[in-house]
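Below is one structure, written out as structure tokens; comments come after it.
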Amino acid sequence: VLGQRAGAVAPSDKIVFGGIGIGARGQHVLSKILAVQDAKFIAVCDVRNERREEIKSMVDKTYGDRDCQMYDDQYALLARQDI
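Counting from 1, one number per residue, gives the positions in the sequence shown under this note's numbering.
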């Protein structure tokens, strides 16, 4: 059972993040968020495709999956009910 392991956090207890326009400073903050067990970063928005790809790659590599969603429209990200 997930809750019985030392330090395990149930998915429903995690703080869920998305980011818009993550530049150099934002990447530093994101690296800190990715290190927090109680947090999950799930979506990135940027008008620059190369920046979206860079952040998605960083997030997916950290979590060992490909679940981070990419957006080029901030309103689409903000419309998500899970963030």
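Glycine residues also receive a C-beta, built at the ideal position from the N, C-alpha and C atoms.
Just so you know, these numbers come straight off a predicted model, no measurement behind them.
- Cβ-Cβ distances below 6 Å link residue 46 to 21, 52 in the same chain, with the five nearest sequence neighbours on each side left out; the list follows chain order.
- Straight through space, the alpha carbons of residue 36 and residue 68 are spaced by roughly 16 Å.
- Taking the C-beta atoms as reference points, residue 16 is found no nearer than 8 Å to residue 33.
- Looking only at 29, 28, 44, the smallest Cα-Cα distance to residue 77 is reached by 44.
- In the three-state scheme derived from DSSP, where H, G and I count as helix and E and B as strand, residue 64 is classed as coil.
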